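So for the sequence shown, UniProt numbering puts the first residue at 1; every next one is plus one.
From the three backbone atoms N, C-alpha and C, an ideal C-beta is built for every residue, glycine too.
Predicted model only: the values in this text are computed from it and were never measured.
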Amino acid sequence: MKLNFKKLGSGKPFVILHGLFGSADNWFSIARELEKTYTLYLVDQRNHGDSPHSDQWNYQVMVEDLKELLDDEGLEKVFLMGHSMGGKTVMNFACTYPERVEKLIVADIAPRYYPVHHETILEGLNSIQLKEIKSRKEADDQLAKYIPDLGTRQFLLKSLARNADGFVWKVNLPVITANIEEVGQELADWAKYLGPTLFLGGGNSKYIQQKDIEDIASHFPNYNLEFVPNAGHWLHAEQPEAVIEEVRNFLK
1 MKLNFKKLGS GKPFVILHGL FGSADNWFSI ARELEKTYTL YLVDQRNHGD
51 SPHSDQWNYQ VMVEDLKELL DDEGLEKVFL MGHSMGGKTV MNFACTYPER
101 VEKLIVADIA PRYYPVHHET ILEGLNSIQL KEIKSRKEAD DQLAKYIPDL
151 GTRQFLLKSL ARNADGFVWK VNLPVITANI EEVGQELADW AKYLGPTLFL
201 GGGNSKYIQQ KDIEDIASHF PNYNLEFVPN AGHWLHAEQP EAVIEEVRNF
251 LK
């Protein structure tokens, strides 16, 4: 699949993948601070952003999507970073094609299995009657019945677009809803990447825990684990300067 991406900056190639319900734009402010040193590729994964929709949606196909992008761009070896779902994609990619990854950064996710925990979000998104709403405020009012946090709603509604027929979702909501268990899948037992790897967790997040360290070390023996203080799961939005500093220090 030909993925949509934004390219900016100059220098060694650095590819960044967003998380579930996100898009390439989520990392734009981070990329603007790094573009003087690296050529940034901000990628929309399949069924997200402006990339194509497909009934197939799992880490195997997302790994092959990423390989196709690298091949098309003539990128033999890259710095690679992914957040949450994107972190699972880049972990799987690095273990499948280790020769294509110079250094790996995994933002606030571990290799283990995660139970489904997006039920309320999916219920809220699916409750919005796109053919009936006439404004984004109407969509927000409907979503607020399920998700009281304004910041979370604003993030989710970035995927609500408008065309000639009215409102549409950029995310492939039916496929994501039907296959949501795929997001939490653990890495295969055989999966291993020996290159330098940074796991970057949010200090206030529970996505990476002490119990995950043994599992991280078994798949990524050349790892470093750092936590960003005063940051939750969306560490790049909550503490961008700290994330940029950690990334720069690791890639130097």
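Secondary structure of L130 (DSSP, three-state): coil.
Remark: C-beta atoms of K88 and P196 do not approach each other more closely than 7 Å. Three or more pairs of CB atoms, one per stretch, sit closer than 8 Å, so the stretch 104-116 contacts the stretch 75-93. Here the stretch 199-207 does not lie against the stretch 143-151, with fewer than 3 beta-carbon pairs under 8 Å apart.
Each residue's CA atom was taken as its position, placing N26 and E214 some 30 Å apart.
A straight-line Cα-Cα distance of about 5 Å links V171 and N47. At least 7 Å separates the beta-carbon of E35 from that of G19. Secondary structure remark: continuous alpha helix (DSSP H) runs of at least 4 residues inside the stretch 32-82, in chain order: 59-72. By the Cβ criterion, the stretch 130-143 is not in contact with the stretch 223-242, since fewer than three pairs of Cβ atoms, one from each stretch, lie closer than 8 Å. Within the stretch 94-149, the beta strand (DSSP E) runs of at least 3 residues that lie entirely inside it are, in chain order, 101-107. In the three-state scheme derived from DSSP, where H, G and I count as helix and E and B as strand, W27 is classed as helix. Using a Cβ distance threshold of 7 Å, N230 and W57 do not count as a contacting pair.
Counted as a single uninterrupted DSSP element, the alpha helix (DSSP H) harbouring F250 occupies residues P240 to L251. Per DSSP, A217 is one residue of the alpha helix (DSSP H) stretching across I213 to H219.
Cβ neighbours of E181 within its own chain (closer than 7 Å, five residues either side excluded): V116. For the pair H219 and P111, the CB atoms are nearer than the 7 Å cut-off. The shortest C-alpha to C-alpha distance from L122 to any of R153, R248 and G166 is the one to R153. A straight line joining the alpha-carbon of L194 with that of D141 spans about 48 Å. If you draw a straight line from the Cα of L235 to the Cα of K206, it comes to about 12 Å.
Going by beta carbons, S23 and D44 fall inside the 7 Å limit. If you draw a 10 Å sphere on the C-beta of E99, you find fewer than 16 other C-beta atoms in it, and that means exposed. Between D149 and H83, the alpha-carbon positions lie close to 21 Å from each other. G166 and P240 have their alpha carbons spaced roughly 34 Å apart.
CA-to-CA, the gap between L17 and A191 works out to about 20 Å. T39 counts as buried, since no fewer than 16 other beta carbons sit within 10 angstroms of its beta carbon. Only residues of its own chain outside the window of five on either side were considered, and among them V175 have a CB closer than 7 Å to the CB of D55, listed in chain order.
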